[in-house]
Amino acid sequence: MDHAAPAPAVPTPHPALRRPAWIGAAALAGLVMALCLVLTWQLWEAARRDAERELRTEFETAARAVVNQLALRMAAHVQMLRGVQGLFASSDDVTRQEFTDFVRTQQTDAEYPGMKGIGYILGLSDSQRASHLARVRSGGLPDYAIAPPGARPAYAPLMYLEPFTGARLRALGHDMFSEEPLRLMLEQARDSGQPVMSGKATVARERGQGASDGVLIALPVYIGRKAPDSVEQRRDLLRGWVYAAFVMEDLLAHVGGQHAAALALEVHDGNRATPEARMAAGAVALVGGAPALRTEQRIGIAGRRWTLVISAGAGFGAAQQNEAPQLVLTLGLVVTALLSLLTWMLARSSALAGRALRKSQLLTNELTVGQQRLAALADAAQRSQAMMRSILDSTFDAILVDNGDRRILASNPRFRALWGVPDELDLTADDAALVAHLLTQLVHAGPLLYSRSLRLEEHEEHRELLRLKDGRFIEQFTRPVRLGHEGARLWSFRDITERKQIEQRERAHRHVLELLAHGAPLQAVLGAVVLGVESTNTGMLCAILLLDAEGRFLHTGAAPSLPGFFNAAVDGLPAAPGYGSCGSAAASGHRVIVENIQTHPDWAPFREIAARAQLASSWSEPIRGASGRVLGTFAIYHRTPHYPSAAHVVLIEQAAQLAGIALEQAQAAQALRVGEERFRSLYDHAPVALWEQDWSAAREAVAHLQASGVDDLGAWLRVRPEETQRLASLVRITDVNGAALVHVGACAKQPGTLGLAQIFGSLDASAFIDALVALTGGALFHECESSFLRVDGVARQHELTLLVMPGHAQSLGFVIASTVDITERKRIDDELQALASTDFLTGLPNRRVFMARLDDQFARLQRSVDECASVLMLDIDHFKHVNDAFGHAVGDAVLRHMAALMRSGQRKIDTLGRVGGEEFAVLLPGTTGPAAQQYAERLRQSVADTPLDGDGRAIAITVSIGIATIEAGDAGPDAAMIRADKALYQAKAGGRNRVCDHAMAALTKA
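Residue numbers (the working numbering): 97 to 1102.
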């Protein structure tokens, strides 16, 4: 226990050192004032720095918002340009009106601030200039000209521009290549395929507004819908550019959101902020001409870097002005004055009351120590109470505390949950209402009432086992405890239902298994299951009904506690809905709960007999085997209407499971007795041909060969046919079924005439050797296809399966062979293979086969540098006209005629194929480009010189041919097909009825 230390004695000052009281009070007040002023200054300085940090943070956030908003705005502009690019990519010829309509639908003035014009620039070479001028002038612009005039290698005239008004009318035809910065921008966009932005440029505005500084963004447009992969392809396929012009003043308008009016924004071209690189600047007044808040940010837009200089204006942060420093200063001065005055008053009072304070100091110290002890005791009591409440709330057991005089003192939440105590029942009053609630749930009230009346001595403990009406078991312990100076009782309750159920199930299982082990009749075993449930659950009457072999009716298996007349009435009950709980459960395979038999529709036919037997409720659970098949039902009846609890559900599931085990084990014993007869019957009547064979002699012969040094038995036998014959003769056929006799066309009375030839043909050496190697190598299962000889000498094919029976893996004395005739299936497979690989109309290989041959040829080229090959793509000219003029029948005849002409000039190593409607292809292995061109020219001439005779009139046909050589450096075989296809379309574009070599065409173009 802590003790207060005695107060030190206060020394009496010497009379010469005494001073007036007000002098000491003033000095102390001055000291307090000085300290308060220093503290006030520090707090004011800290508040001022916090305000500056907040303003700086707000400025940096606003600056980032400006950068992000400008980047998003420019990204939206670029995305809009991509939409215009998509317009040109989707059409080979976009008219001025289509361009105008598309741009106007984008609502650029409202949706894209700063964008003052969208245009299309055409890419022209010097050779295309004259035709371009003629085409535009004939299209309604007779005064059109490319400006500035003069001959140049390439031109980039402005073709379309929206809005096309005012000063913009003069821009039509202006050659962007004539200005060096714009030419560099357009060339960079052309070569990269990406949007490119110019430096500072002059951009025309609306009428009356003159021109302003701005930038241009250009995006290339290529021929075709797919962007070229290389720079050379991009230059060759360039169609033009779409571009947008932006006025920097409008582009930067309203950037910055709510801080836009208080931020000064400068945009510089490049990575440095210099006066020469400045492109735009805001007009916000700065603080003293030199902003304290300033930052530089860099962003990349369309391949160009901008440096943004953002400064805070004079009004930045005015709306959010932080008044904390002023407030701190004001409050500090006020508090300083008050504290100084209070200090002076207290010091003066202290000097005057010093003697009284010294006399009361001892009393004050003792009072302080007493208060500390009381606070410590109160804190310890609170901690103990909180700890006890936490223990009570978290314990697994249900806890109740009373004073032994039938008054409840405390309980935990688990108690309410375990006993289902309603919230409105007060657990802090007399226990009469609670005891009444508990008694309604108990099967026997005596144990609880007896425990309630006990007066336990210290360290004495009382235990009871309570059984509830819902099937649960609760273990109760009662112990005396001390609460301060008073005695009390601690009641603990634990749900041990699961443990009791496990014990009961284990006892029942042991008893049932003992009966099964001693060979007890099935009825006795099932009766033990029923009695085991009834013995531990008073009020339950149980029955087991078994499903017949057809699964249609239920018969009584065991129901020792039910009246005989009731068992007789339900014996033969249909397994169908509407026939009691058991009939419905057997039919549905699910548990059926009938709380009241007299009101449930399933019991309508049996209500009278159930009432006579005094049965009021029925629960039925399907009995299932290990496979899930329903074997019967387990039923529980009660004399009063009853609904199962969770414990009852577990009970009926376990009882049904135990009954299923007993049924399956009893049925297994019966199955063992009939197993051999059933196997014999299945063997004799199986629809599959079955052969019982003995390979033991062959197994021993192979063992001798391996012992003599033969390692590779298969290779050794394949060069010694006489040894194969010897081993085959050692295999005996010991039995066959009827299907096997039918399989080989033998009579039922001639099984002895069968030999291994009826399984392996004329001793098909390869199939027999593979089977022998597999079985002697330890395989228990072997499949193969083999020819076989019927008894009448006809050779056919079958699928052979060899299965080594269990227990004969070492000796091979019992092998079952099954055979299935696949002769007809093989014929159908061959026909299907022909249909899958051949074009039905022309008889040529189809596209899939042709591409497979092309893959093989490409693989050979990869392996050998000396290999060469060419691919031809052929297309019948004006074939649609033939179909339209003469009909599809004549068109089919033309295709067959074309195929015949192609075959007439085919080498053995060549591959022909029909790859489309009127498209054919030829693969020429070992053929160079010139040789392929000679072959193609001969074929073209042959087609032109051989018209088709259709209904008495000659139908002339011609063909266009494209040639491409297969190169070892190609990414794949499709590359040559693509080149040949391009050459084919060049031949058709050149007038048809001609041959075009892709390599020669590319050389000519270069």
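C-beta: ideal position from N, C-alpha, C; glycine also.
Quick one: using the 10 Å Cβ neighbour count with 16 as the cut-off for buried, is residue i buried or exposed?
i     : result
T872  : buried
R795  : buried
E646  : exposed
R160  : exposed
Q284  : buried
R1111 : The chain is shown from 97 up to 1102; residue 1111 falls before or after that span and cannot be answered.
K322  : exposed
D988  : exposed
L579  : exposed
W137  : exposed
I598  : exposed
F273  : buried
L908  : buried
M901  : exposed
T652  : buried
T1100 : exposed
Y546  : exposed
F936  : exposed
R776  : exposed
Q789  : buried
In this structure, how does DSSP classify residue i when only helix, strand and coil are distinguished?
i     : result
A638  : First, the amino acid is wrong: residue 638 is Cys here, not Ala. Three-state result, C638: strand.
H974  : coil
W791  : coil
T157  : helix
P316  : strand
F260  : coil
P371  : coil
T196  : helix
R248  : coil
M901  : coil
S657  : coil
I242  : coil
Y1081 : helix
A112  : Since pLDDT at A112 reaches only 38, below the 50 mark, its modelled position is unreliable, and the value read off the structure follows with that caveat. Of the three classes helix, strand and coil, the one that applies to A112 here is helix, per DSSP.
Y779  : helix
Please return the same chain residues whose Cβ sits closer than 8 angstroms to the Cβ of residue i, not counting the five positions on each side in sequence.
i    : result
R944 : A932, S933
S436 : A125, G126, V128, M129, C132
D222 : A247, R248, P249, A250, Y251
L859 : With a pLDDT of 48 at L859, under the threshold of 50, the predicted position of this residue should be treated as unreliable, though the coordinate-derived value follows. Contacts found: T820, Q821, A824, L852, A853.
N367 : R394, R401, T403
Assuming residue i and residue j make a contact with CB atoms under 8 angstroms, what is their CB distance in whole Å?
i    : j    : result
L254 : A267 : 5 angstroms
T593 : F569 : 5 angstroms
P209 : L347 : 7 angstroms
A566 : A752 : Sequence check: residue 566 is Asp here, not Ala. Not confirmed; about 19 angstroms, so no contact.
S716 : R687 : 7 angstroms
I693 : S714 : 6 angstroms
L84  : L643 : With the chain running from 97 to 1102 in the structure shown, residue 84 is simply not present.
D527 : R503 : 7 angstroms
Here's a check: name, in chain order, each residue in its chain whose Cβ is nearer than 7 angstroms to the Cβ of residue i, leaving out the five neighbours to either side.
i     : result
E554  : P576
Q953  : A965, L1019, P1021, I1062
D1077 : M969, G1058
D271  : I242, A243, P244, Y251, A252, P253
C880  : A863, D866, A867, L896
Q1030 : none
Can you list, in chain order, the residues of its chain whose CB lies under 6 angstroms from that of residue i, leaving out five sequence neighbours each side?
i     : result
L425  : W140
G215  : L254, Y256, L257, Y339
Q1082 : C1092, A1097
E1015 : D971
S1038 : L997
Along the chain, which unbroken stretches of the alpha helix (DSSP H) at least 4 residues long are found entirely within the region 688–738? 703–708
Restricting to runs no shorter than 4 residues, where is the alpha helix (DSSP H) found entirely within the region 784–836? For the region 784–836, whole alpha helix (DSSP H) runs of length 4 or above, ordered along the chain, are 792–803, 809–814, 817–825.
Report the start-end ranges of each beta strand (DSSP E) in the region 545–608 that is 3 residues or longer and not cut off at the edges. 558–563, 569–579, 582–591
Enumerate, from N- to C-terminal direction, the unbroken alpha helix (DSSP H) stretches of 4 or more residues contained entirely within the region 465–523. 509–515
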